[in-house]
């Protein structure tokens, strides 16, 4: 149940490496038409995680499985091509794209200005957020309503830092050593609410039926996007059309239900 | 590049460290008084074989002395709510410390009681001292006087051990240190200051207990 999402420094290293490599290779790749090439070869090469459940992990049959893998297959099906999965780590996922070793990165990739300088992003395809979670039958919709309540959080995590900023001094924030202690404190009723990631909440709901975690309000939203090489407008338009269709016909919702145990948020 | 030491980010949180140290000392004080009290009762039950309490304390001592303090604390804080016994982190921390120190001091004080020769009790009885007087002046005080240094050490061990109470969000000194470290990432500076504080606190407690021992226990026992 690890929650540290791709540590920032590691991503930054990857980014720096990506920029360096992209600079060396120069603009030759920028002119390639990835979409036409994919359709010609009949193969879509997708960089996916293998160490980050539920987005991507290795199943008992030793095959990659997860939200991102399902998403890659969905896009492959819509394009009518075969999908070739390339396992990547958080450090090398962007270099794989910038060096042309992968056509798409579907690797729980969040958007930020530094990354936007190197690659392009599709519309969001998966929810990824930190928020306050609590019993499903308790109403709570904003941070002000936490006054006088007790919230558990893992010390030093993003949600700890953010919640500390926005919560009034009337909120009792109990900081625990790690995610397990935070979740235990909630499950045993030692805290009324917890601030954590939706992925952690999904994993907890998957494992126990005790005091299920319902999302109350958002602290920090950083949904996942499909990454593709710069200058591939045709590919981007096609991806967005596929994602929009999948959102409408419920196939993306089914993926979210399968891996995150929760419906796709309406505002994604 | 050599590491640039910078203690300023730690001293920004001086209040937090001081209040953490205060809570550690308060935890230790309450834990020590109740724990040694429990130890005296346990020691008498075991030394004089008062049934059935001697075997109850025997089992208790063995369980507590052969399991980690952290696990005892987790059992109280995370385990007991399953039985409907819910405590705040402070209550759980104090209870765990009392139970832990109680077990160790039972054995320490029992050793002191058993080291008092039987002849002294008989001598006291022949001087027509009441049972309570015998207990107070002939049994307990000489026993405590003999084991006072060992008890002092045990109290300091418990004070240092209270650091693990930070794991259940008890906001004592180690919690303050971890909190500060999670905000400024100055691990060396934060833990250096914290280590120094624990060291000074341990010395202070030792001095204080030695004074108390000299004045109220050892001094009059001879």
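Protein chains in written order, with the numbering used here: chain A, 953 to 1220; chain B, 8 to 229.
Even glycine gets a Cβ: it sits at the ideal position worked out from N, Cα and C.
Remember, it's a predicted structure, so these values are computed and weren't measured experimentally.
CB of residue 1000 of chain A within 8 Å of CB of residue 1040 of chain A, strictly: Yes, Cβ-Cβ distance for residue 1000 of chain A and residue 1040 of chain A is below 8 Å.
Got a sec: is the Cβ-Cβ distance from residue 174 of chain B to anything in chain A below 8 Å? yes
Just the Cα atoms here: how many angstroms apart are residue 1065 of chain A and residue 1073 of chain A? 11 Å
Quick check on residue 1119 of chain A - is its C-beta less than 8 Å from some C-beta in chain B? no
Could one say the Cβ of residue 189 of chain B lies closer than 8 Å to chain A's Cβ atoms, at least one of them? Yes, contact with chain A.
Residue of A:1125, A:1178, A:1109 and A:1162 minimising C-alpha distance to residue 1007 of chain A: A:1178
Can you confirm whether the segment 1085-1103 of chain A touches the segment 1193-1210 of chain A when touching is taken to mean that 3 or more C-beta pairs between the two stretches lie within less than 8 Å? No, they do not touch.
Could I get the ranges of all uninterrupted alpha helix (DSSP H) runs contained in the segment 118-196 of chain B, with 4 residues as the minimum, in chain order? 125-133, 148-168 and 180-191
Just to confirm, are residue 217 of chain B and residue 166 of chain B a CB contact at a threshold of 8 Å? no
Using the Cβ count rule (16 or more neighbours within 10 Å means buried), how would you classify residue 66 of chain B? exposed
Rounded to whole angstroms, what is the Cα-Cα separation between residue 1013 of chain A and residue 19 of chain B? 53 Å
Could you give the distance in angstroms between the alpha-carbon of residue 133 of chain B and the alpha-carbon of residue 127 of chain B? 10 Å
If you draw a straight line from the C-alpha of residue 187 of chain B to the C-alpha of residue 197 of chain B, how long is it? Rounded to the nearest angstrom, the gap between the Cα atoms of residue 187 of chain B and residue 197 of chain B is 7 Å.
Since residue 156 of chain B contacts residue 123 of chain B with CB under 8 Å, what's their CB separation in whole angstroms? Actually they are not in contact, since the Cβ atoms of residue 156 of chain B and residue 123 of chain B sit about 17 Å apart, beyond 8 Å.
Only counting the same chain, and skipping five residues up and downstream in sequence, which positions put a Cβ closer than 8 Å to that of residue 1130 of chain A? 1106
Since residue 1078 of chain A and residue 997 of chain A are thought to touch, with beta carbons under 8 Å apart, how far apart are those beta carbons, to the nearest angstrom? Not quite, the Cβ-Cβ distance comes to about 20 Å (not below 8 Å), so this is no contact.
Please go through the same chain and pick out, in chain order, the residues whose beta-carbon is closer than 8 Å to the beta-carbon of residue 1038 of chain A, but skip the five residues on each side of it. 997, 998, 999, 1000, 1048, 1053 and 1054
Is residue 185 of chain B close to chain A, meaning its C-beta is less than 8 Å from at least one C-beta of that chain? yes
Residue 996 of chain A bridges to which residues according to DSSP? A:1035
Please list the residues of the segment 23-39 of chain B that have a C-beta atom closer than 9 Å to any C-beta atom in chain A, keeping them in chain order. none
Within a Cβ cutoff of 6 Å, which residues of the same chain sit near residue 94 of chain B, ignoring the five residues on either side of it in sequence? none
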